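Here is the structure we will look at, set down as structure tokens.
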Amino acid sequence: MGDFIQLLPDHVANQIAAGEVVQRPASVIKELLENSIDAGASHIQVVIKDAGKTLIQVVDDGRGMGLTDARMSFERHATSKIKTAEDLFSLKTKGFRGEALASIAAIAHVELKTKTEEEEVGTCIRIEGSTISSQEPCVNPKGTSICVKNLFYNIPARRNFLKSDAVESRHIIDEFQRVALAHPHINFSLHHNGSELFQLPDTNYRQRITNIFGGKTNEKLVPVNEDTEIVKISGFVGKPEFAKRSRGEQFFFVNDRFIKSPYLNHAVVAAFEGLLKDKAYPSYFLYLEVDPKSIDINIHPTKTEIKFDDEHSLYAMLRSAIKHSLGQFNVAPVLDFDRDANLDTPYSYNNKNAETPKVEVDRNFNPFKNDGRASNYNPGDSSYRKEFSPSWESLYSGIENENPSGSGPDQMEFESEEVTGSLFSTQEEKPEASTFQLQKKYIVSTLKSGILVIDQNRAHSRILYEELLKNITISAAVSQQLLFPLKLPFSTQEIEMLKEIKDSLEQTGFIFSEIERDTVEISGIPTLIAESEVGMLLEQLFSDFENDVPDNGFSQTDLLAKSMAKSMAVKSGTALNNSEQQHVANRLFACKEPSLTPFNKSIFITLTVDELEKKFT
1 MGDFIQLLPD
11 HVANQIAAGE
21 VVQRPASVIK
31 ELLENSIDAG
41 ASHIQVVIKD
51 AGKTLIQVVD
61 DGRGMGLTDA
71 RMSFERHATS
81 KIKTAEDLFS
91 LKTKGFRGEA
101 LASIAAIAHV
111 ELKTKTEEEE
121 VGTCIRIEGS
131 TISSQEPCVN
141 PKGTSICVKN
151 LFYNIPARRN
161 FLKSDAVESR
171 HIIDEFQRVA
181 LAHPHINFSL
191 HHNGSELFQL
201 PDTNYRQRIT
211 NIFGGKTNEK
221 LVPVNEDTEI
231 VKISGFVGKP
241 EFAKRSRGEQ
251 FFFVNDRFIK
261 SPYLNHAVVA
271 AFEGLLKDKA
281 YPSYFLYLEV
291 DPKSIDINIH
301 PTKTEIKFDD
311 EHSLYAMLRS
321 AIKHSLGQFN
331 VAPVLDFDRD
341 ANLDTPYSYN
351 NKNAETPKVE
361 VDRNFNPFKN
371 DGRASNYNPG
381 DSSYRKEFSP
391 SWESLYSGIE
401 NENPSGSGPD
411 QMEFESEEVT
421 GSLFSTQEEK
431 PEASTFQLQK
441 KYIVSTLKSG
451 ILVIDQNRAH
461 SRILYEELLK
471 NITISAAVSQ
481 QLLFPLKLPF
491 STQEIEMLKE
501 IKDSLEQTGF
511 IFSEIERDTV
521 EISGIPTLIA
531 ESEVGMLLEQ
541 LFSDFENDVP
551 DNGFSQTDLL
561 AKSMAKSMAV
571 KSGTALNNSE
581 QQHVANRLFA
591 CKEPSLTPFN
601 KSIFITLTVD
611 ELEKKFT
């Protein structure tokens, strides 16, 4: 038997490793941004085209690299962040594996321009598929500029698996926001296809959050601060009334590194217990500082998962810190419902000493002076005259003389008081009810063969689904004009998503008068929904479209109709009168598919007389 095991060539090994590090264009953005931050940059600019498939460029003003370092940076496991295995437990940098640039260079065309402050000229290196095609001096300011072109050009299967430009750009925005939120002291900018998406100046944490998610975010934030021996917690949580139906605004940062932790997320949700509506998720931007020796980052290729030494203590501290903040700023309700909030001592006055109030008394004040009349009376003023109002009897004097014709009340004529007919029938006639409501959830009707039980929420969602599909695909729905336009705040990512489905929404009856970077002005809404439900409906829509916006026009229309029908359908627990119950039942059986919801769930069941008789045997 011959030997079968052999070493893979470097370019093949690099392409395999690149599958772990570079999953999509957003992965490249994340790695290059972290390198710029580790280089001490104060200004970082990101430029992308076609959602990063054609071009990704990151320019910074960091330390830069010399000729030797520029060549070495593309070698596998070449890094300046660590030197020994013990350094893995005292990490203060973003990167440490030395795999990112080598993986990117294996699957794209890369151009690197870099220069240190001491050197007179910079270095330009071009690499195609791990092979250096050119290396030459160039003119470059202090810092580094990396262009990544034609991502996955030599792995067509991976390129074909990329989503649409809209979906990939949303992933890029996600990664950009995570890095920008962790480093408010750095200037960031993001441009996509020539248009500016973000321009974030050097600021503090609160202002950075507001700059990214819109000006209305500031009033939604409640600060959280707790300093212990194990962890230092800072940041903000959103007020319960602004909780959303999606998990978009939930961020954990450990030592300025974005992480995902379902365990810590449960701690936050537990702190909001009793304050949130059903299926609503709180927003939070929490920054945790722990000892680097107490965590392990090197457990996942994307470095978004961390192992903690003492997760249980961290859970308890995080939960109590958020509860304390919600109570401190009067967000959480108290047990004394008759309490007057105006009498509460402000939290900032907790350590202040009480001061004796100063009372000033006008000792010359005489309440009986001038019989209690106006104090500005001047006896010497001849223009002042005291007038007495006449007695009440004088109001009725002379009435007898003013009626010379003698046509008093006794002589006035009235129409006959006798009513000859009746507007309403004496016997109340009630139509015989053919349906009735059970538990405010089911509509029950009789059939010749038995009983029909309809789920009112599912039935209405099927009715709305088919009506919305008809409006979007065949004829536009009637729009209800608003007297005052409705302005709703949204994040940049949600605005980009709204632009993609704007045409379909307008077919359902929405009229968008203005779409800005963080707000939407709506001047018309569908007749089927109330003005107060518009914000909730759009939030649910963004939540359903969060994972993907289909490229196929029919698939996009179908998903839009399903989402809107689910939000607009009458909820279980809503009381319906007899005519409304009958209307739902009649319209349901006029649908093309009355037995199933848009999500393939049963809408009604029937119980025959035989089945009922078997229950009594």
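For the sequence shown, position 36 matches number 36 in UniProt numbering, and the numbering has no gaps at all.
The beta carbon of each residue, even a glycine, is placed where N, CA and C say it ideally should be.
Small disclaimer: the values here were computed from a predicted structure and weren't measured.
8 angstroms contact criterion, which residue i and residue j should meet: CB distance rounded
| i | j | result |
| --- | --- | --- |
| Lys142 | Glu117 | 5 angstroms |
| Ile107 | Leu162 | Not really, about 12 angstroms apart at Cβ, beyond 8 angstroms. |
| His109 | Lys149 | 4 angstroms |
Reduced DSSP category for residue i - H, G, I as helix; E, B as strand; rest coil
| i | result |
| --- | --- |
| Phe258 | strand |
| Ser320 | helix |
| Asp310 | coil |
| Val570 | coil |
| Phe368 | coil |
| Gly450 | strand |
| Ser382 | Any reading at Ser382 must be qualified, since the residue scores a pLDDT of 49, below 50, and its modelled position is unreliable; no value is offered. |
| Gln481 | strand |
| Tyr442 | strand |
| Lys430 | Confidence is the limiting factor: at Lys430 the pLDDT is only 49, short of 50, which leaves the residue's position unreliable and the question unanswerable from this model. |
| Phe176 | helix |
| Phe604 | strand |
| Pro594 | coil |
| Ile297 | coil |
| Leu588 | helix |
| Pro526 | strand |
| Gly62 | coil |
| Lys244 | strand |
| Lys615 | helix |
| Gln57 | strand |
| Asp455 | strand |
| Leu8 | coil |
Residue i - partner residues in DSSP beta bridges
| i | result |
| --- | --- |
| Tyr287 | Ser234, Phe253 |
| Asn225 | Ser234 |
| His191 | Val47, Glu196 |
| Glu136 | Cys124 |
| His109 | Glu128, Lys149 |
| Lys487 | Glu521 |
| Thr435 | Ser445 |
| Phe512 | Ile522 |
| Gly535 | Partner(s): none; Gly535 has no beta bridge. |
| Gly143 | Lys115 |
| Tyr281 | Lys244 |
Nearest residue (CA-CA) to residue i, options the options
| i | options | result |
| --- | --- | --- |
| Gln507 | Lys470, Val268, Ile495 | Lys470 |
| Asp60 | Gln250, Gly66, Gly40, Leu67 | Gly40 |
| Phe490 | Leu541, Lys94, Asp50, Glu120 | Leu541 |
| Val121 | Ala105, Ser130, Thr144, Ile127 | Thr144 |
| Pro292 | Lys260, Asn350, Val231, Lys352 | Val231 |
| Phe188 | Asn211, Glu539, Ser169 | Asn211 |
| Ile322 | Lys369, Gln493, Ala271 | Ala271 |
| His460 | Pro240, Lys448, Thr473, Ile443 | Ile443 |
| Pro578 | Ala590, Ser434, Asn204 | Here residue 578 is Asn; the residue named in the question, Pro, does not match the sequence. Out of Ala590, Ser434, Asn204, Ser434 has the C-alpha closest to the C-alpha of Asn578. |
| Gln207 | Glu196, Glu219, Asn265 | Glu219 |
| Asn600 | Glu196, Glu226, Ile172, Arg462 | Arg462 |
| Ser283 | Thr217, Thr304, Ile259, Glu226 | Thr217 |
Residue i vs residue j beta-carbon contact at 7 angstroms
| i | j | result |
| --- | --- | --- |
| Val224 | Gly235 | yes |
| Arg245 | Ser543 | yes |
| Thr606 | Leu452 | yes |
| Ile603 | Asp455 | yes |
| Leu528 | Met497 | no |
| Ala78 | Ile125 | no |
| Asp309 | Ser320 | no |
| Ser325 | Val222 | yes |
| Leu181 | Phe74 | no |
| Leu318 | Ala267 | yes |
| Ser563 | Gly524 | no |
| Ser103 | Val237 | no |
| Thr114 | Met72 | no |
| His183 | Ile48 | no |
| Ala561 | Tyr465 | yes |
| Ile146 | Val12 | no |
| Lys440 | Gly573 | yes |
| Gln493 | Arg24 | no |
| Thr519 | Lys499 | no |
| Leu276 | Pro240 | yes |
Chain D contact for residue i (CB, 7 angstroms cutoff)
| i | result |
| --- | --- |
| Lys260 | Going by chain labels, chain D is absent from the structure shown, which holds only one protein chain. |
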